[in-house]
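In the working numbering, the protein residues as written are -14 to 196.
Where a beta carbon is used, it is the ideal one built from N, C-alpha and C, also for glycine.
Bear in mind that the values here come from a model prediction, so they are computed numbers and not experimental data.
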């Protein structure tokens, strides 16, 4: 076990775990059937001696890659990072992948009972496309994909209602004001088509992807 990072951490902190043979047997028998992951963005990291952003990682700075676009909240838009993550996890664990969350938070404007959220469509489209490449070209086994999310709700990360992820707009603001009426966004109809056609409407540089 000494080759694994958690063991190094435990040794550094002088934490001793009483792991029995019975425990090891239970762990061996209780392996997972698949790996679920949430993916929204990527980070860039750099080594800097004497600095640590987190108490469990030493000498590390973390930030956003300035060479790729980002959302209004500074979250990088890195579809290729999803493909890389799927490959890395599958190569390491050889288990089917399930993307349980993937979405784009933005300030939406309701106009004529809808939201023209092409930016969200672009985000989802690019990420689904990279997922398709991971499956078809790289051989990664992906058992499912679910976008975040179905309807607008308060962002767990920032506590804001205006940071909207949903395919359905909910009339409620950061102050709790609004009718709670719901309106389908443009992305709702787009994703509906993705499901209906089994992703045949995923576009690549303005052209339908060829099988």
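Across the set 15, 9 and 25, the C-alpha of 25 shows the shortest separation from the C-alpha of residue 150. Inter-segment contact for the region 126 to 145 and the region 77 to 89 is present: three or more beta-carbon pairs are separated by less than 8 angstroms. A straight-line Cα-Cα distance of about 23 angstroms links residue 32 and residue 67. For residue 79, DSSP assigns no beta-bridge partner whatsoever. Buried is the label assigned to residue 109, since at least 16 other Cβ atoms lie within 10 Å of its Cβ. The beta-bridge partner set that DSSP reports for residue 137 is empty.
Take residue 64, set aside five residues on each side of it, and the residues of its chain with a beta-carbon closer than 6 angstroms to its own are 111, 112 and 115, in chain order.
Only exposed fits residue 10, as fewer than 16 other CB atoms lie within 10 angstroms of its CB.
Residue 23 places its beta carbon less than 8 angstroms from that of residue 86. Residue -1 and residue -7 have their C-alpha atoms roughly 10 angstroms apart.
Shown here, residue -3 sits in a helix according to DSSP, grouped into three states. If you look at residue 155, you'll find it in the beta strand (DSSP E) that goes 153 to 155. DSSP lists no bridge partner for residue 164.
Contact between the region 158 to 165 and the region 86 to 106 is absent: fewer than 3 CB-CB pairs across the two stretches fall below 8 angstroms. Assignment of residue 67 by DSSP, reduced to helix, strand and coil, places it in the helix class. When secondary structure is reduced to three states using DSSP, residue 26 falls in the coil class, being assigned neither helix nor strand. Taking residue 103 as the centre and dropping the five residues before and after it, the same chain places the C-beta of 171 closer than 8 angstroms to its C-beta, in chain order.
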